[in-house]
Amino acid sequence: MASAPPVSDSSASFPLQIDTLVKRFGMINAVDGVSLEVRAGECLGLLGPNGAGKSTAIRAIVGRVIPDSGRITIFGAPADSAAARAALGWVPQELAVYPRLTCRENLVAFGRYHGLSSSQLADSVAWCLEWAALQDRAGELARKLSGGMKRRLNMAAGIIHRPRIVLMDEPTVGVDPQSRNRIFEMIEVMRAAGTAVVYTTHYMEEAERLCDRIAIIDHGRIIATGTKEELVRNAFATRSQVFARFVGSADQIAAWVASRGGRMVDATAEFTVARSTEIAGLLDAAAKSGLELEDVSLRRPNLESVFLHLTGRELRE
Amino acid sequence: MILPILHTAMVSLRRDRAALALTFVLPIAFFSIFASIFGGQRDTTPKVTLILVDDDRSAASQQLVRGLERESSLSILLRPPSKDNSVAPDYTEATAEAAVKAGGAPVALIIPKGFGQNPIALGPQASQSGLQLLNDSSDAIAPQIVTGLLQKAAMTSMPASMAEERMKDSERYLGELTPGQRNRMDSYLADLRVREKSGALDSPSSSSGAFSGVIPVHERAVVGQDKKSPMVSFYAAAIGVMFLLFTASGSAGTLLDEADSGTLDRVLSSHVTMTSLLAGKLTYNTLLAFLQLTVMFLWAWAVFHVDLFSHIPGFIVMGLCTAVAVAAFGMLLASLCHTRAQLGAVSTLLILIMSSVGGSMFPRYLMPSAMQKAGLFTINAWAIDGFTKVFWRDQPVTALWPQVSVLLAIGIVLFVIARRIARRWEFA
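Protein chains in written order, with numbering that gives the first Met the number 0: chain G, 0 to 316; chain A, 0 to 427.
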């Protein structure tokens, strides 16, 4: 199996370290002072809505975008160095494979582009085909594969040179749940082998399932970082969320919800309570205000709640 | 319902510059090119270059030379173009033949010694002192123009010789003139000679087609005399280069596909640099173009008997240089364009114009001189000239240096420009 050329491997060198990265496109700050690091063997999730700056940050790391300022290092080496490129794998959001080449030919081509020797290539192609469960389709043209298989080939092409840190930019876009699970398994295998992963997504469930730590990004800024539990605790402490729907005038409902410190999200009133016993008082006040309750539920906050709490917007807006 | 559809289509067309160019610019450009070539505009009619060798240097031959020099349709060369301000010696029969073989002129006229003694051919001795017309058989038009103008010049510039020759014929067949008749005849001839010298007979309107064929002309092809199909090798190169340009631009368009699909970004994130990527694609497109030319000439050899195998070195040199130039041209177009559709439209526009001006559709010698000069800015013209040297004139590889130099220079310059423009893909 191929291995990356030597890079600084001191314990002080993170697989990825970003320091106040800034990238502007005209008047738009696509990435606005992002700083973060990825630890060895860690899966860091970059969670944010479309247009939040996730892909721009990833493209800056792989050298496809020149930052206006900031510093990026891979195992201590500048991101544009040969050593960093060898240690870094990238799975772009697009299906960036050659449609008229077979799976095997695609992997060989990208392996050669990464400078693998013939012997390294043979081992690595075999490993990648097995990893992506594409052995049976090795001789199939890429354009004839199903959507899920194309995604897996896209991922395999990104790690053909066996990088020690892999950037995955929304690798599950447009795939069915079965293929998505298969992709999760592939990532877990990779992580078990000690590879650090940066995983961008706007799906909260994916971030919760795969990531050790999550950085929430919005308008080009990291607005919170931590494990899922840390993020929820920092945003809500031990409080829970109450969701209630009422029958009646929307304006009247909204005014009452605001007066009780809640907010309306998609015709649902949302309140944060420290204890579940507070629900009774809330519903009693609603009845006294002439609002007819339709349904009510109590829920522990999740990443979606954290994002909403921090930005005032839903993750998938 | 028709109006909204019409509006949508018109707005779409207005915003599609490539489609607009194909719709309006290409037809106008083509019309202008063809109109210039075949429209009969007098001030742009192509002149035939004629090498003239006067070995006789008699009064009659000099009159004929002057008569030909007065023809506006001819560009007379008495000696090679001077270099370094030194005047080159006049052409001889040998150097004139060599010049026609080398493509310096499509036709040469040799006035042999003794022509002046019997310049007009009306009797059985007509062929004895005839003029020699050396021609390049790839140009079927030039010898015919020269032959026609030759007869016209004889009629308008040598009337005394004409009259004298006819007098001799009369005496030969009807008996000698009486002294009185002889005196009147001599007086008339003297008058004619005075008028010849004074130029009073120079008016073109004094000529008449009724006397065609009064000067015997022996025509001899010095190039292509043993070729079975004079124009086949020309068209193999001419058509070949045009389609090479189409293939090269289409093939270079994979760059746009890769940019579109994200593959280009992925490749550039590996150890592959933009320069090595473009160099790799240039190499591929060069080999593809050379293979395409090879297939074309093999077909021409198998079906049309073009003598490919006697010209292998020249074919390889010209084929590779042409392939480099067209491949770089394709790379430049691909780097300039933003979409496949744009590339298709721009390449069609440019290639058809280049091919028509550069001689891929009809020989450049048919074109006005200004257009012939414009053709020198095209890959087609240089490639066709080179292949003509190889297959038509049987010239050695060393004679290809101008074409090789220009085509390689075109290839290098276009590639450097393409590389510079491709920076837009390198980084955002």
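Glycine included, each C-beta is placed from N, C-alpha and C at the ideal position. Predicted model only: the values in this text are computed from it and were never measured.
Beta strand (DSSP E) segment containing V318 (chain G), residue limits: Since the first residue of chain G shown is 0 and the last is 316, residue 318 (chain G) is not available in this structure.
At least 3 beta-carbon pairs within less than 8 Å: the segment 342–353 of chain A vs the segment 293–300 of chain A: At 8 Å Cβ cutoff, the stretches do not touch.
Identity of the residues DSSP links to Y198 (chain G) by a beta bridge: Along the first sequence, one-based indexing puts residue 198 (chain G) at 199. In the DSSP secondary-structure assignment, Y198 (chain G) is bridged to G:G44 and G:M167.
Interface partners of Y112 (chain G) on chain A, CB under 7 Å: The residue given as residue 112 (chain G) occupies position 113 in the first sequence. Result: V266, S269, H270 and V271.
A59 (chain G) (DSSP reduced to helix, strand or coil): Working through the first sequence from its first residue, we reach residue 59 (chain G) at position 60. DSSP places A59 (chain G) within a helical segment (H, G or I) once states are collapsed to three.
Chain A within 8 Å of P14 (chain G), Cβ atoms only: As a first step, residue 14 (chain G) must be located in the first sequence, where it is residue number 15. So, not an interface residue.
Beta-carbon proximity list for G261 (chain G), same chain, < 7 Å, skipping 5 on both sides: Your numbering for residue 261 (chain G) matches position 262 in the first sequence. Closer than 7 Å at Cβ, skipping near neighbours: A268, E269 and F270.
Residues of its chain near L140 (chain G), where Cβ-Cβ distance is below 8 Å and the 5 sequence neighbours each way are ignored: Locating residue 140 (chain G) in the first sequence gives position 141, counting from the first residue. Here the set comprises P98, R99, L100 and T101.
At least 3 beta-carbon pairs within less than 8 Å: the segment 384–397 of chain A vs the segment 411–424 of chain A: With a cut-off of 8 Å, the segment 411–424 of chain A and the segment 384–397 of chain A do not count as touching, because too few Cβ pairs lie within range.
Where R150 (chain G) falls, given that 16 or more other Cβ within 10 Å makes a residue buried: On the first sequence, position 151 is the one that residue 150 (chain G) refers to. R150 (chain G) comes out buried.
Collapsed DSSP secondary structure at P123 (chain A) in the structure displayed: As a working mapping, residue 123 (chain A) is identified with position 124 in the second sequence. Here the model assigns P123 (chain A) a pLDDT of 47, short of 50, so the residue's position is not dependable and the matter cannot be decided.
Minimum Cβ-Cβ distance from Y97 (chain G) to chain A less than 8 Å: In the first sequence, counting from the first residue as 1, residue 97 (chain G) sits at position 98. Chain A has a Cβ within less than 8 Å of the Cβ of Y97 (chain G).
Interfacial residues, the segment 100–111 of chain G to chain A, with Cβ spacing under 8 Å: Those residues of the segment 100–111 of chain G that come within reach of chain A (Cβ to Cβ, closer than 8 Å) are F109.
Euclidean distance between Cα positions of Q62 (chain A) and R219 (chain A): Mapped onto the second sequence, residue 62 (chain A) falls at position 63. Mapped onto the second sequence, residue 219 (chain A) falls at position 220. Taking the straight line joining both Cα atoms gives about 24 Å.
Interface partners of G62 (chain G) on chain A, CB under 7 Å: Position 63 of the first sequence, counted from the start, is the residue given in the question as residue 62 (chain G). Residues of chain A with a Cβ closer than 7 Å to the Cβ of G62 (chain G) are, in chain order, S268.
Beta strand (DSSP E) runs wholly inside the segment 213–281 of chain A, at least 3 long, in chain order: Segments of the beta strand (DSSP E) lying fully in the segment 213–281 of chain A: 216–222.
Inter-stretch contact at 8 Å, needing at least 3 Cβ pairs: the segment 244–252 of chain A / the segment 314–332 of chain A: With the cut-off at 8 Å, the segment 244–252 of chain A and the segment 314–332 of chain A touch.
Contact list for the segment 252–264 of chain A against chain G, Cβ threshold 7 Å: Among the residues of the segment 252–264 of chain A, those with a Cβ less than 7 Å away from any Cβ of chain G are S260, G261, T262 and D264, in the order of the chain.
Sequence ranges, beta strand (DSSP E) only - wholly within the segment 64–135 of chain G, length at least 3: The segment 64–135 of chain G contains these whole beta strand (DSSP E) runs: 68–73 and 87–90.
CB contact flag (V64 (chain G), K22 (chain G), <8 Å): Locating residue 64 (chain G) in the first sequence gives position 65, where the first residue counts as 1. Locating residue 22 (chain G) in the first sequence gives position 23, where the first residue counts as 1. Result yes, Cβ atoms of V64 (chain G) and K22 (chain G) sit closer than 8 Å.
Given G385 (chain A) as reference, the closest of A:L5, A:V405, A:S368 and A:L149 once Cα atoms are compared: Indexing the second sequence from 1 puts residue 385 (chain A) at position 386. Taking only the C-alpha atoms, the option nearest G385 (chain A) is A:V405.
Same chain only: Cβ atoms within 7 Å of N49 (chain G), ignoring 5 sequence neighbours per side: Sequence index remark: in the first sequence, residue 49 (chain G) carries index 50 (1-based). When the five nearest sequence neighbours on each side are left out, the beta carbons in the same chain lying within less than 7 Å of the beta carbon of N49 (chain G) are those of H201, in order along the chain.
is_contact[A427 (chain A), chain G] using C-beta, thresh 8 Å: As a working mapping, residue 427 (chain A) is identified with position 428 in the second sequence. Among the CB atoms of chain G, one or more fall inside 8 Å of the CB of A427 (chain A).
Cα-Cα separation, W130 (chain G) to A340 (chain A): Numbered from 1 along the first sequence, position 131 holds the residue referred to as residue 130 (chain G). Numbered from 1 along the second sequence, position 341 holds the residue referred to as residue 340 (chain A). Straight-line Cα distance between these residues: approximately 38 Å.
Alpha-carbon spacing of E187 (chain G) relative to V90 (chain G), whole angstroms: The count along the first sequence starts at 1 and reaches residue 187 (chain G) at position 188. The count along the first sequence starts at 1 and reaches residue 90 (chain G) at position 91. A straight line joining the alpha-carbon of E187 (chain G) with that of V90 (chain G) spans about 15 Å.
Buried/exposed call for K143 (chain G), threshold 16 Cβ in 10 Å: Sequence index remark: in the first sequence, residue 143 (chain G) carries index 144 (1-based). Under this definition K143 (chain G) is an exposed residue.
Secondary structure of S205 (chain A), DSSP reduced to three states: Along the second sequence, read from residue 1 onward, the residue named residue 205 (chain A) stands at position 206. Residue placement at S205 (chain A) is flagged as unreliable, the pLDDT there being 36, under the threshold of 50; the coordinate-derived value follows with that caveat. Secondary structure of S205 (chain A) (DSSP, three-state): helix.
Proximal residues to F235 (chain G) (C-beta, below 8 Å), its chain only, five neighbours per side dropped: For this step, residue 235 (chain G) is matched to residue 236 along the first sequence. Excluding sequence neighbours, F235 (chain G) sits near T271, P300, S304, V305 and H308.
Limits of the unbroken alpha helix (DSSP H) element including K100 (chain A): Translated into the one-based positions of the second sequence, residue 100 (chain A) becomes position 101. For K100 (chain A), the enclosing alpha helix (DSSP H) begins and ends at E92 to K100.
Close-in-space but distant-in-sequence residues of the same chain around L335 (chain A) (CB under 7 Å, 5 per side omitted): For this step, residue 335 (chain A) is matched to residue 336 along the second sequence. Contacts found: I420.
Span separating the alpha-carbon of S7 (chain G) from that of R161 (chain G): As a working mapping, residue 7 (chain G) is identified with position 8 in the first sequence. As a working mapping, residue 161 (chain G) is identified with position 162 in the first sequence. With a pLDDT of 48 at S7 (chain G), under the threshold of 50, the predicted position of this residue should be treated as unreliable, though the coordinate-derived value follows. CA-to-CA, the gap between S7 (chain G) and R161 (chain G) works out to about 17 Å.
Any chain A beta carbon closer than 8 Å to W89 (chain G): The residue given as residue 89 (chain G) occupies position 90 in the first sequence. Yes, its Cβ sits closer than 8 Å to a Cβ of chain A.
From G:Q16, G:A51 and G:F109, residue whose alpha carbon lies closest to that of A83 (chain G): On the first sequence, residue 83 (chain G) is found 84 positions in, with the first residue counted as 1. Across the set G:Q16, G:A51 and G:F109, the C-alpha of G:Q16 shows the shortest separation from the C-alpha of A83 (chain G).
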